[in-house]
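Number of protein chains: 2
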Amino acid sequence: MNQTTLQSSIAQISKTSDEDIALLVSCAVARKLKKGEPLLKEGDLCRSFYLVEKGYLRTWYNKNGVPINLSFTFEGHFISNLKSFKSRQPSDLTIEAGEPSVVWIFDLNTMAATYKAHPAITLFVRRLAIRVLLASEEHSSLFKMYTPAERYHYIEKNNPQLLQRISLSQLASYLGVTRETLSRIRAKSN
Amino acid sequence: MNQTTLQSSIAQISKTSDEDIALLVSCAVARKLKKGEPLLKEGDLCRSFYLVEKGYLRTWYNKNGVPINLSFTFEGHFISNLKSFKSRQPSDLTIEAGEPSVVWIFDLNTMAATYKAHPAITLFVRRLAIRVLLASEEHSSLFKMYTPAERYHYIEKNNPQLLQRISLSQLASYLGVTRETLSRIRAKSN
DNA sequence: ATTGACCTGTGACAATCGTCACAATCGCAC
DNA sequence: GTGCGATTGTGACGATTGTCACAGGTCAAT
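Going down the list, the protein sequences come from chains B and X.
Going by the working numbering, the first sequence opens with residue 1, and the numbers climb by one from there.
Going by the working numbering, the second sequence opens with residue 1, and the numbers climb by one from there.
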């Protein structure tokens, strides 16, 4: 398994010594996922961070039987469910592969047992938590600041890779509209 | 100035020794605010956390000349603009007193200068950051999970003090609707 | 008591969105 | 090529919301 992405992704969060990076690398476990295979299911307790090496992860929840997407996490980025993580409550979210993927799993239970008070690890985890929460907040601000059409054009401008890798049906729920409405928003753009 | 609220609010975030709490207390500066007086203005760089001792703080941003409320922070709770804080970018939010208030200000510039590598302070700040971000995420989930009417009923059930202390006009923008729509939602509840 | 500022409710109308139904297109296995 | 499933576009209709306008109520200062 190639650890280049792993090392540079860790270094991006916490600019620390090579030894500390090696220590963090040793905490990560790689896993292959088929499309649709879950890392975290609704009802599970989240105790891990996930780093995407290849493919992407889709985070969604179940609203009256309908899946609603909250985030798509691509290569080199981390995801977790901090709410479940911090409150130690069962997750109401599911995190699963959106296509055949490879991820690195940082399990906090094993990390804490092995390197309990190691400052590099605790610092890394807290920085990562803040990073993940700020990324989630950016998505939230879409809903608070923009109308559905404005949200789509924001993505079109600021995150065009989403349009290339995600189906429009998946994107619709991410933008908080039905796929029909998204289709009409796109029709008016021409 | 009464420091009881200050001490217990700090202890709630970081369960640490009395000395560390005393250290953190010494970092806080009290300030009185008139209604509408701002602590953080749009364009400012946010370098502080605010703890409400009395009254409440209203966090809002300007959408095409219209103020949109993002949060109301009451006695014993903290607020900040983490996005500006972490990215060191000018704030697009304003934090101001919603009624005559007393707040404790934790200025990170002065704290960092005095106690740079003190573990109790850095731990406290990071925990606080995560706490504030998770609180913000709870408000965000209202928008992603519920319709406007469901949002109002959620507040009615889970945060009734908001209805008692905030005018309906202020609440409307917090729920992402106009005051007329909120008025109609309330009318249908009877 | 009167004024004026602010808040809340409500009616009329237009715009937007969701729902349901069905057609068109695309990709892929056979 | 053929067939099938998944995806996307579109039309019709109802429900919800925003906008604009105005009425009534509350409260504090004069």
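Backbone N, C-alpha and C define an ideal beta-carbon position, used for all residues, glycine too.
Small disclaimer: the values here were computed from a predicted structure and weren't measured.
- Listed by position along chain B, the residues whose Cβ is nearer than 7 Å to that of PHE74 (chain X) form an empty set, because the closest Cβ is around 20 Å away.
- By the neighbour-count criterion, in which 16 or more other beta carbons inside 10 Å mark a residue as buried, LYS144 (chain B) falls on the buried side.
- Note that the stretch 74-90 of chain X touches the stretch 33-49 of chain X; at least 3 beta-carbon pairs, one per stretch, sit closer than 8 Å.
- If you look at GLU156 (chain B), you'll find it isn't in any beta strand (DSSP E); it sits in the alpha helix (DSSP H) that goes 148-158.
- Only GLY176 from the stretch 163-178 of chain B bring a Cβ to less than 8 Å from some Cβ of chain X.
- If you ignore the 5 residues before and after GLN7 (chain B), its C-beta comes within less than 7 Å of the C-beta of ILE21, VAL25, all in its own chain and listed in chain order.
- Residue environment analysis places ASN69 (chain X) among the buried positions, since at least 16 neighbouring C-beta atoms fall within 10 angstroms of its C-beta.
- With 16 or more other Cβ atoms from the protein chains shown falling within 10 Å of its own Cβ, GLU53 (chain X) counts as buried.
- For MET145 (chain B), the chain X residues whose Cβ falls inside 7 Å of its Cβ are LYS63, in order along the chain.
- By the Cβ rule, the stretch 87-103 of chain B counts as touching the stretch 59-68 of chain B, because three or more pairs are nearer than 8 Å.
- A straight-line Cα-Cα distance of about 12 Å links ARG184 (chain B) and LEU168 (chain B).
- With its beta carbon less than 9 Å from one in chain X, GLU137 (chain B) belongs to the interface.
- LEU128 (chain X) has its alpha-carbon roughly 16 Å from the corresponding atom of LEU23 (chain X).
- Here PHE78 (chain X) is near ARG131 (chain X), since their CB atoms are less than 9 Å apart.
- Looking at the DSSP output, LYS63 (chain B) bridges to B:VAL66.
- Counting C-beta atoms within 10 angstroms of its own C-beta, ARG88 (chain X) has fewer than 16 neighbours from the protein chains shown and is therefore classed as exposed.
- The CB of ALA113 (chain B) never comes closer than 9 Å to any CB in chain X; the least such distance is about 20 Å.
- Look at SER91 (chain X): its C-beta is not under 9 Å from any C-beta on chain B.
- Under the 9 Å criterion on CB atoms, LEU23 (chain X) is classed as non-interfacial with respect to chain B.
- For LEU51 (chain X), same chain residues with a beta-carbon under 6 Å away, outside a window of 5 residues either side, are SER9, PHE78, TRP104 in chain order.
- Shown here, GLU75 (chain X) sits in coil according to DSSP, grouped into three states, outside any helix or strand.
- Put simply, the backbone Cα of LYS157 (chain X) is about 28 Å away from that of SER71 (chain B).
- In this structure, the CA atom of PRO160 (chain B) is about 21 Å from the CA atom of SER101 (chain B).
- Of all residues in the stretch 101-131 of chain X, only PRO119, THR122, LEU123, ARG126, ARG127, ALA129, ILE130, ARG131 place a beta-carbon less than 9 Å from a beta-carbon of chain B.
- Any Cβ of chain B closer than 9 Å to the Cβ of ILE68 (chain X) would place that residue at the interface, and such an atom is present.
- Within its own chain, the residues whose Cβ lies closer than 6 Å to the Cβ of VAL177 (chain B), once the five positions on either side in sequence are excluded, are PRO148, listed in chain order.
- Taking a beta-carbon distance threshold of 9 Å, SER140 (chain B) counts as an interface residue toward chain X.
- Neighbours of LEU45 (chain B) across chain X, judged by C-beta separation under 9 Å, do not exist; the nearest C-beta is about 16 Å away.
- With a contact defined as Cβ atoms closer than 8 Å, ARG179 (chain B) and ALA172 (chain B) qualify at about 4 Å.
- Assignment of ILE185 (chain B) by DSSP, reduced to helix, strand and coil, places it in the helix class.
- Within its own chain, no residue has a Cβ closer than 6 Å to the Cβ of GLN12 (chain X) once the five positions on either side in sequence are excluded.
- Contact with chain X is absent for LYS15 (chain B), since none of that chain's Cβ atoms lies less than 9 Å from the residue's Cβ.
- LEU51 (chain X) is outside the set of residues whose beta carbon lies under 9 Å from a beta carbon in chain B.
- The C-beta distance from THR5 (chain X) to GLY76 (chain X) rounds to 6 Å, short enough to fall under 8 Å.
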